[in-house]
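Asker:
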Amino acid sequence: MATKFDQTRIRNFCIVAHIDHGKSTLADRLLDATGALSEREKQDQFLDNMDLERERGITIKAQTARMVYRAADGEDYLLNLIDTPGHVDFSYEVSRALSACEGAVLVVDAAQGIEAQTLANTYLALDADLEIIAVVNKIDLPSADPDRVAQEIEDVVGLDAADAIPVSAKTGQGIDTLLERIVEMVPAPAGDREGPTRALVFDSWFDSYVGAVMLVRVMEGRLRKRDRVRFMMKGSEREISELAVAIPQQVSVNELSAGEVGLVIAGVKTLSDVHIGDTITLADRPASEPLPGFQEVKPMVFSGLYPVEAEDYEDLKVSLEKLKINDSSFDYEPETSAALGFGFRCGFLGFLHAEIIQERLEREYNLNLITTAPTVRYRVIPKSGDAFEIESPAALPDVQDIEAIEEPVIMATIHVPSEHLGQVLGLCQERRGSQKDMVVHGDRVQVRYELPLNEVVTDFHDKLKSATRGYGSFDYELTGYQPAKLVKLDILVNGDPVDALSLIVHKDHSQSRGAELARKLKEFIPRQQFAVAIQAAVGAKVIARTTVKALRKNVTAKCYGGDITRKRKLLEKQKAGKKRMKMVGSVEIPQEAFLAALKLGKE
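In our numbering, the protein residues as written are 142 to 744.
(1) Suppose you measure from the CA of Val298 to the CA of Thr263; what does that come to, to the nearest Å?
(2) Please confirm whether Glu547 and Tyr519 have their CB atoms less than 8 Å apart.
(3) Tell me the start and end of each unbroken beta strand (DSSP E) in the segment 340-378 that is at least 3 residues and wholly inside, in chain order.
(4) Alpha carbon to alpha carbon, how far is Tyr210 from Asp169? Give it in angstroms, no decimals.
(5) Can Thr620 and Ile551 be called in contact, C-beta distance under 8 Å?
(6) State the Cα-Cα distance for the pair Gly445 and Gly482, rounded to the nearest angstrom.
(7) Can you grab the Cα-Cα spacing for the pair Pro287 / Leu247, in whole Å?
(8) Just reading off the beta strand (DSSP E) that Ser398 is part of, what are its end residues?
(9) Where does the unbroken alpha helix (DSSP H) through Glu496 begin, and where does it stop?
(10) Tell me whether Ser309 is buried or exposed, calling it buried when 16 or more other Cβ atoms sit within 10 Å of its Cβ.
(11) Report the three-state DSSP secondary structure of Ser460 (helix, strand or coil).
(12) Between Val628, Phe601, Ile223, Ala625, which lies nearest to Leu167 when the distance is taken from Cα to Cα?
(13) Please return the same chain residues whose Cβ sits closer than 8 Å to the Cβ of Ile555, not counting the five positions on each side in sequence.
(14) Applying the criterion that 16 or more other CB atoms from any shown protein chain within 10 Å of the CB defines a buried residue, is Met756 buried or exposed?
(15) Per DSSP, which one or two residues make a beta bridge with Leu423?
(16) For Ile294 and Asn153, I'd like the C-alpha separation in whole angstroms.
(17) Flag this pair as touching only if the segment 388-400 and the segment 447-465 have three or more C-beta atom pairs under 8 Å; answer yes or no.
(18) Hey, which unbroken runs of the beta strand (DSSP E) at 3 residues or more fall wholly within the segment 522-558?
(19) How long is the line joining the alpha carbons of Arg358 and Val327, rounded to whole angstroms?
(20) Would you identify the three-state DSSP class for Ala158, choosing helix, strand or coil?
(21) Counting along the chain, where does the alpha helix (DSSP H) carrying Pro287 start and finish?
(22) Given that a residue counts as buried once 16 or more other Cβ atoms are within 10 Å of its Cβ, and exposed if not, what is Asp192?
(23) Output the distance between the C-alpha atoms of Glu474 and Met441, rounded to the nearest integer angstrom.
(24) When DSSP labels each residue in this structure, what does Asn221 get in the three-state scheme?
(25) Rounded to whole angstroms, what's the CA-CA distance from Met360 to Leu642? Just pull it up for me.
(26) What do you get for Thr149, buried or exposed, if any count of 16 or more other CB atoms within 10 angstroms of its CB means buried?
(27) Within the chosen definition, does the segment 624-637 reach the segment 668-677 through at least 3 CB pairs nearer than 8 Å?
(28) Can you tell me whether Ser559 is buried or exposed? The criterion is at least 16 other CB atoms within 10 Å of its CB, across all chains shown.
(29) Cα separation between Thr338 and Arg585?
(30) Tell me the rounded alpha-carbon separation between Val370 and Ala251.
(31) Ends of the beta strand (DSSP E) at Arg486?
(32) Locate the beta strand (DSSP E) running through Glu272, then write down its first and last residues.
(33) Am I right that Gly244 and Glu272 are in contact with their C-beta atoms under 8 Å? What's the rounded C-beta distance?
(34) Just how far apart, CA to CA, sit Leu510 and Phe443?
(35) On the three-pair Cβ rule with 8 Å, is the segment 396-412 touching the segment 338-354?
(36) Let me know if Ala331 comes out buried or exposed under the rule of 16 or more other beta-carbons within 10 Å of its beta-carbon.
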């Protein structure tokens, strides 16, 4: 049974950092130092419990753990730790975790220094009015320069360099100093334990046995087992069947009071009943107003998800509903495609987010899926009527009906070592970028570019990492829309348009993109008994073409010597047969061909 703690001895904090700066390893050392795990339970990146997180070496979902630490003053303190993701696509997870804390441990790599997401996450923590503790990690590396990085933290972030704690999450050096600093600097949670109950739902996931499990931070009052609670967003009521805390394994408790973080199970089975950002209060003594929730995030990248087997459509629908409980930052709605049948148009925060959602659906729900090429949300201004937004190339009206098309634009902040600056500037120019400013911090440079989101969503991150040998990093935020010369690029196979392969591209790039996609498709479409033409077209104009050659039987094999007209006659007869076959034959496009559209330009 979990011990009850006085409110003044509770500390709620999270760990924020750029991807791969050692957040999850630092969380392991904190769990070790406080004895939260037995020897048998210990494993690297303990809080990264999804297979996908372990394989990719990244944190995807924020995780929580409860630790008890005996400080230098001899008192026991309850520390609630939340480990957050570092990748730009999961910054929404970070902002939600911050709302449940009073402090943030900012981790910076002693070799690499400040990176783009370090800065972005620091601003999120400052906006949430948290106490920030700076940690310089990986001081055991031969290339580590903790003094330079501490000075960089002071210059860029504005935290005193003398306060930065040198730590090695690998060896455990400096962990005790960090724990003492957390107790000392992070404020105890406020909130009246006897007042009307208000608990913030900051994460949830679906469990096939108990339904939705909600991760909450109690801001005021108490929650007890068997309490009848009200969800203030919809007004629905439920009875709490189970309360638990993560130590980091789940341990049942009878009560959660103001300042505590825990799990609530209340028999919630449907998506419409649980919302991340909702406030839970008591049905018989409700709070007068809900807590400020989270700003609704708008998906920025859109892609079609279709089951390979048509009969899996219902399974895909149910799986998306369950996944939506766990990740409220993606949207979906039904759509149909002439080429792929029934599926869903899904909206994601970025390309990595789209990849993760697809992989989770395939692994956790045993689905076999086809994904269409990612697009962004465009604004169309027609010649008559009001402007409207589209998320799919299929929704784009005819060229003659359009006055203008506007595309979303982002402000990208790129951190790069000075020796790779030239390649990064070249990459941004190639992607139709416009440079805004450049600041030099020692041997690293911060560049800000205005870039069309469409040029960033697929392979920009990969290209940036290649150009900078892995040392470049970038963060972005949407700034608005601006007009651009955009056209719809259609792919025709055997004269029939394949709607799932349509793209919206810049007019200047349409020919090269069309030729590249046609060439890629040629590699994947199997040869038929007749020649298959693959064409890229803008409107009625074909701008690129390639042909998958026919499989041919050697009909002249039995003609040894003799008049050439005999051979010609046989070949003409074969040609006529193939022409007839082409009129009735259909070309099946394999899944690899649709994936080829995703990988355009990666080689």
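Every residue gets a Cβ at the ideal spot worked out from N, C-alpha and C, and that includes glycine.
Answerer: Reading it off the structure:
(1) 8 Å
(2) A distance below 8 Å separates the beta carbons of Glu547 and Tyr519.
(3) 352-361, 363-365, 369-372
(4) Approximately 15 Å between the Cα atoms of the pair.
(5) yes
(6) Those two C-alpha atoms are separated by around 11 Å.
(7) 14 Å
(8) 396-398
(9) 492-505
(10) buried
(11) In the structure shown, Ser460 sits in a helix (DSSP, three-state: H, G or I).
(12) Ile223
(13) Once the five neighbours on either side are set aside, the close Cβ partners of Ile555 are Ala257, Val565, Cys569, Gln587, Val588, Arg589, Tyr590, Leu605, Gly613, Ser614, Phe615.
(14) In the structure as shown, the chain starts at 142 and stops at 744, and residue 756 therefore has no counterpart that could be examined.
(15) Note: Leu423 sits in a beta bridge opposite Val370.
(16) When rounded, the distance between both Cα atoms is 23 Å.
(17) No, the segment 388-400 does not touch the segment 447-465.
(18) 529-531, 543-558
(19) 16 Å
(20) strand
(21) 287-293 is the span of the alpha helix (DSSP H), which, as asked, contains Pro287.
(22) Low local confidence applies: a pLDDT of 47 at Asp192 is under 50, so the model's placement there is unreliable, and no value is given.
(23) 15 Å
(24) strand
(25) 49 Å
(26) exposed
(27) yes
(28) exposed
(29) Taken atom to atom, the span from the alpha-carbon of Thr338 to that of Arg585 is near 49 Å.
(30) Going by C-alpha positions, Val370 is about 47 Å away from Ala251.
(31) 482-489
(32) 272-278
(33) 4 Å
(34) 15 Å
(35) yes
(36) exposed
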